[in-house]
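Same order as they appear, the protein sequences are chains A and B.
Numbering follows this note's numbering, with no gaps: position 266 of the first sequence is 266.
Numbering follows this note's numbering, with no gaps: position 102 of the second sequence is 102.
Inspection log for the structure reproduced underneath, given as structure tokens.
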Amino acid sequence: MAKIDVSVETDDKPVPPPKHPNTCPSCNSHYRDDELEQALWVCSHCGHHFPMRARARIASLADEGSFLEEAADLHSEDPLGFFDLRPYTERLAEAEMKTGLTDAMVIGQASLDGRQCELAIMDFSFMGGSMGSVVGEKFSRACDSAAERGVPLISVTGSGGARMQEGILALMQLPKTVAAIEDLHDSGRAMISVMAHPTTGGVLASFATLGDVLLAEPGALMSFAGPRVVQQLTREKLPDDFGLAEQNLRFGNLDAIVPRPELRPTLSKLLRLFDAPV
Amino acid sequence: MPPSEHELRLRERLSRLRNMPLLGGAKLSGELERLQRQLDRMGEEPTDEEIWRSVELARNEKRPYTLDYVERLLDDWFELHGDRGRADDKAMVAGLGKLDGRTVALVGQQKGRDIQERAERRFGMSNPEGYLKAMRVMELANRLGFPVISLVDTPGAYPGVAAEQHGQGGTIAASQAVMARLTVPTVACVIGEGGSGGAIAIALADRVLMQEHAIYSVISPEGCAMILWRDAGEAKKAAAAFKPDAAHCLELGVIDGIVPEPPGGAHKDPDEAARLLGDAIREVLDELADVPGDELRRRRRARFRSLGVFA
Chain A
1 MAKIDVSVET DDKPVPPPKH PNTCPSCNSH YRDDELEQAL WVCSHCGHHF
51 PMRARARIAS LADEGSFLEE AADLHSEDPL GFFDLRPYTE RLAEAEMKTG
101 LTDAMVIGQA SLDGRQCELA IMDFSFMGGS MGSVVGEKFS RACDSAAERG
151 VPLISVTGSG GARMQEGILA LMQLPKTVAA IEDLHDSGRA MISVMAHPTT
201 GGVLASFATL GDVLLAEPGA LMSFAGPRVV QQLTREKLPD DFGLAEQNLR
251 FGNLDAIVPR PELRPTLSKL LRLFDAPV
Chain B
1 MPPSEHELRL RERLSRLRNM PLLGGAKLSG ELERLQRQLD RMGEEPTDEE
51 IWRSVELARN EKRPYTLDYV ERLLDDWFEL HGDRGRADDK AMVAGLGKLD
101 GRTVALVGQQ KGRDIQERAE RRFGMSNPEG YLKAMRVMEL ANRLGFPVIS
151 LVDTPGAYPG VAAEQHGQGG TIAASQAVMA RLTVPTVACV IGEGGSGGAI
201 AIALADRVLM QEHAIYSVIS PEGCAMILWR DAGEAKKAAA AFKPDAAHCL
251 ELGVIDGIVP EPPGGAHKDP DEAARLLGDA IREVLDELAD VPGDELRRRR
301 RARFRSLGVF A
């Protein structure tokens, strides 16, 4: 097959050199590690939201010392013996070393301003937050844990989509997480979904958009197909805010965009609202 | 020589299949024999060439599409149009018909035959409006107690600007959620390309089948090659790596049975292909007919919640 022609107008621009991870991609302000941490990884100059790691996210949301991790020992297997340029097992081991996590999601019980909840938090730095069997299973268990304890589930997503290296089983994590949420809903419990940058592909097309309340961080990309794919196929000039949280809010696909410093109080309010006797 | 790990898995799969009520009838038992033959010939794993042949056959432009099967299998077909809000997406067809005298609802993607129809139906790539149409027809079937048949044949959901604005991702999720709530028997069959989210949107069914040369995958071979090899030309390698063929999907427990095709593929004899597909669908619907609705729903969710490989 011929190579896909990628000569669309905006792709002709020279690619700028990669920036330091602590340099704001939109305004070039540079921060020390501790400054970023202090500011919840939000640029204090322009408000750009840097990616936030799962552990940091949990620390920013859960009451101190309240988080009790569940299913921490689940590991991905390599059902297909997948090998592209490198074996999947090698990519997994490298991601584990780099992130200190066993996969792209951390789940557990927590309280937020004294109210019990279940957290399912994704980490984009683990293989692009891709969803394979472990993410699907952890999310599914988080739904059960929330249902059993009669508490709401809060998910925070950051994911490029399904994990290709697990082939069709990665696709099966979509219906798996959907079925888990339906069971949670049948138990009369709510789910709040917070979509961070990016929440795309299979995660957007499954549990992330099935929350009873849908929130997103400013500037988060939330598109099913990536901008490049859309541009290549349709040859349309994409709107500047293509697939972004702001566009999704305008089109009615979201309840609210919540800047990171306001996320905890917002979730606290929602937990108060959902904390009705059943 | 000790049996390989793969052989053990295949044997285990085979023994599970033997115990499945689904395989009581003739057609799927034929599949059992085929599996047995495959096991016998050792090196039973489909070769990279065989996988690629399925990719080509699944995309063959003469392959029967959803409406070709509707025409051959259903009496009194009445197509239902529109999502009741915005549009009638021609990439997705939905309607009611009679299968052996019982009313069923059918949803499925429809590719086009000629250039104009292909453009009109966007090669079977649905917009959110298409999934909304399928959802409303499945809900209608649920209210009235009709079984739902879903025929999957799409390269994927349509990647367009308007599709994204109208919530493509959320609609695919919502369509799966509708299927997870149905209390009527549901059967899905991949009859060509089962492309990613666009396919699973209508495939959360009690029983999932694949035709012998259909493919079911998380991403197209070209898309995977583009991302992992940075070269769409490596599609063959990508397909060999993620194994979208029916035999592998069966082995992984993703599908419940393989529907045989006439020699050379479904397009060689569409009437025979339709007969074989019809037999498989009837067998599933007969098997599910007496299961109470909430039990169907419980088992369906449990089936999908059990999928995945981890330690």
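Where a beta carbon is used, it is the ideal one built from N, C-alpha and C, also for glycine.
- Query: Near B/Lys90, which residues of its chain fall below 6 Å by C-beta distance, leaving aside the five closest residues on each side in sequence?
  - Reply: Glu120 and Arg121
- For B/Val291, name the three-state secondary structure that DSSP assigns. coil
- Okay, do the stretch 200-213 of chain B and the stretch 300-310 of chain B touch, 3+ Cβ pairs below 8 Å being the bar? yes
- Task: Would you kindly check if the distance between the Cβ of A/Ala216 and the Cβ of A/Leu254 is under 7 Å?
- Result: yes
- Does the stretch 161-181 of chain A come within contact of the stretch 218-227 of chain B, defined as at least 3 CB pairs closer than 8 Å? yes
- Start-to-end residues for the beta strand (DSSP E) that takes in B/Ser217: Ile215 to Ser217
- Message: If you reduce the DSSP assignment to three classes, tell me which class A/Cys43 lands in.
- Response: coil
- Identify the residues that DSSP records as bridge partners of B/Cys189: which are they? B/Leu151 and B/Leu209
- Task: Check whether the Cβ atoms of A/Leu171 and B/Phe310 lie closer than 7 Å to each other.
- Result: no
- Item | B/Ile200, DSSP secondary structure in three states | helix
- Task: Specify the secondary structure class of A/Glu9 as computed by DSSP and reduced to three states.
- Result: Model confidence at A/Glu9 stands at a pLDDT of 45, short of 50, so the residue's coordinates are unreliable and nothing is read from them.
- Message: Taking 7 Å as the limit between beta carbons, can you name the residues of its chain near A/Asp275, skipping five residues before and five after?
- Response: Arg115
- At what residue ranges does the stretch 223-274 of chain B contain a whole run of the alpha helix (DSSP H), taking only runs of 4 or more? 235-242 and 246-251
- A/Asn253 touches chain B at which residues, Cβ-Cβ below 7 Å? Gly167 and Gly170
- Note down, one range per segment and in chain order, each beta strand (DSSP E) of at least 3 residues found wholly within the stretch 142-216 of chain A. 153-159, 191-199 and 213-216
- Item | Whole-angstrom distance between A/Val229 and A/Asp11, CA atom to CA atom | Reliability of the predicted coordinates at A/Asp11 is poor, the pLDDT of 48 falling under 50, and the value obtained from them is presented with this limitation in mind. C-alpha separation (whole angstroms): 12 Å.
- Task: Using the Cα positions of B/Leu277 and B/Leu144, report the straight-line distance between them to the nearest angstrom.
- Result: 25 Å
- Task: Mind listing, in chain order, the continuous alpha helix (DSSP H) runs of no fewer than 4 residues lying wholly within the stretch 217-274 of chain A?
- Result: 227-234, 245-250 and 263-274
- Message: Excluding the 5 residues flanking B/Gln176 on each side, which residues of the same chain have their C-beta closer than 8 Å to its C-beta?
- Response: Ile200, Ala201 and Leu204
- Query: Excluding sequence positions up to five away, which residues of its chain have a Cβ less than 6 Å from the Cβ of A/Ala210?
  - Reply: Sequence inspection shows Leu at residue 210 of chain A; the Ala mentioned does not correspond to that position. Taken in chain order, the residues that qualify are Ile181.
- Message: I need the straight-line Cα distance from B/Val208 to B/Arg299, nearest angstrom please.
- Response: 13 Å
- Query: Is it right to say A/Met97 is buried, meaning 16 or more other beta carbons lie within 10 angstroms of its own, or is it exposed?
  - Reply: exposed
- Based on the DSSP output, what are the partners of A/Lys19 in its beta bridges? Looking at the DSSP assignment, A/Lys19 forms no beta bridge with any residue, so it has no partner.
- Within chain B, partners of A/Lys352 - CB distance below 7 Å: Any property of residue 352 of chain A remains undetermined from this structure, which presents chain A solely from 1 to 278.
- Message: For chain B, check one thing: does any of its Cβ atoms lie closer than 7 Å to the Cβ of A/Gly136?
- Response: yes
- In whole angstroms, what separates the C-alpha of B/Met42 from that of B/Asp48? Annotation note: pLDDT 40 at B/Met42 (below 50); position unreliable, no value reported.
- Those residues which DSSP pairs with B/Gly108 across a bridge: B/Val93 and B/Leu151
- Message: Any C-beta of chain B within less than 9 Å: which residues of the stretch 199-222 of chain A qualify?
- Response: Thr199, Thr200, Gly201, Gly202, Val203, Leu204, Ala205, Ser206, Phe207, Ala208, Thr209, Leu210, Leu214 and Met222
- Under 7 Å, do B/Ile258 and B/Leu250 count as touching if we go by C-beta distance? yes
- Item | Coarse secondary structure for B/Gly308, derived from DSSP in three states | coil
- Which same chain residues, not among the five before or five after A/Ser155, have their C-beta less than 6 Å away from its C-beta? Ala120 and Ser193
- Item | Cβ-Cβ distance between B/Asp153 and B/Gly124 below 7 Å | yes
- Message: Measuring only the C-alpha atoms, how far is A/Ala196 from A/Thr157?
- Response: 6 Å
- Task: Assign B/Asn171 to one of three DSSP states: helix, strand, or coil.
- Result: For the record, residue 171 of chain B in the displayed sequence is Thr; it is not Asn. Residue state, collapsed to three classes: helix.
- Message: Does the stretch 165-172 of chain B come into contact with the stretch 99-117 of chain B, if we say contact requires no fewer than three beta-carbon pairs (one atom in each stretch) closer than 8 Å?
- Response: no
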